[in-house]
Structures are given as structure tokens and as C-alpha cells.
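Read the structure below first, then the notes.
Residue numbers (the working numbering): 20 to 194.
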């Protein structure tokens with residue numbers, strides 16, 4: 020049976036229908052799985068046993084929250100030779116990278132785009148990607164590069180703003 024919006028049951032109105040369906044499936048020893056949407060993070064987990072997640076599903080999340088999945092492999096964050104030499108091509112590439120970064124953050128951490136520093140941080144990250152091109156090129160594929168970029172970006176936004184270190188007489192920060 021395909022998963023459609025009609026498949027989602029409003030539990031406040033149909034609790035007895037859910038209980039009846041579960042009991043019927045259990046009587047037949049049929050496998051039961053529950054999709055749970057964490058409204059705080061937007062993650063959708065599938066539970067096949069009580070208190071035991073069998074993982075997160077991008078496919079299911081796409082259908083539950085109606086946010087289409089875009090494959091990060093479609094946009095290589097590394098600059099091409101043309102983008103390195105042509106400012107118009109580079110601007111187009113940077114726009115695609117910025118768009119994919121925003122999409123991935125919105126998909127995995129929907130709480131972060133509301134952060135006051137999100138837009139500035141996104142622009143800074145796109146600029147940083149070019150600086151770390153030599154490191155990123157060593158990673159095996161585009162998806163792995165996006166994982167590294169996304170992990171770094173989310174970690175930076177999650178860190179609390181730290182106080183500046185006190186300065187010495189010469190103006191350098193103490194270690």
C-alpha cells in the first residue's frame with residue numbers, strides 16, 4: 020500500500036481505530052512499525068519495537084512533513100576550474116552551494132534557520148568551503164564532503180558564544 024496523506028491518522032479522533040488495527044495486526048503476527056515525528060527537530064524515526072528505533076527515514080520524513088529530499092550529490096561544493104576563473108560562473112556555483120547548504124540544514128535541523136546569525140553564517144560557510152578545498156577534495160565523494168560541511172556548520176551554530184580571552188600587554192590573547 021503506498022504511503023499517502025490519507026494514511027496518517029489523527030490520533031485524537033481515531034484512537035480506537037488505531038488500537039483495533041494494532042490488535043488485528045498483532046493477532047496475525049504481522050510486523051508493525053510506527054513513524055514518529057519529533058516536532059522539535061523535524062526528524063522522523065521508525066520504530067518496529069517499543070522504545071527501539073530502527074533508524075531515520077528520509078523517504079518517510081519527506082512524506083510526513085512534505086519537504087522534498089534533494090540529493091546532496093547533485094551539487095558538488097568544490098569549485099570547478101571554470102568557477103575559479105570566471106566570476107559569473109563562481110557566483111552561480113556559490114548560489115547553488117548556499118541553496119544546498121540551506122536545504123540540508125532545514126532538512127536535518129529545522130530549528131537552525133530561525134537563528135539570528137543563520138544568514139551571515141551561511142555566507143561565511145560558503146566562503147570557507149573555498150578555503151578548505153584542498154582538504155575536501157581528499158574526501159571520497161560529494162556526499163561525504165557535504166557531511167563534513169554540514170557537521171562543521173551545525174557545530175558552529177550550536178556552540179554558545181564564548182567570551183573573548185583576556186589580552187596581555189602586547190595585545191595577544193592569553194592561552
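Where a beta carbon is used, it is the ideal one built from N, C-alpha and C, also for glycine.
Of all alpha-carbon atoms in 175, 150, 91, the one lying nearest the alpha-carbon of residue 139 is that of 175.
For residue 54, the closest C-alpha among the options 111, 66, 103, 93 is that of 66.
If you draw a 10 Å sphere on the C-beta of residue 165, you find 16 or more other C-beta atoms in it, and that means buried. Comparing alpha carbon positions, the residue from 132, 144, 98, 162 closest to residue 91 is 162. Separation of residue 128 and residue 40 (C-alpha to C-alpha, rounded to the nearest whole angstrom) is 33 Å. DSSP places residue 94 in no alpha helix (DSSP H); its state is neither H nor E.
A residue is called buried when at least 16 other Cβ atoms come within 10 angstroms of its Cβ; residue 96 meets this threshold and is buried. Residue 160 sits in coil when the DSSP states are folded into three classes, being neither helix nor strand.
The C-alpha of residue 49 is placed about 40 Å away from the C-alpha of residue 120.
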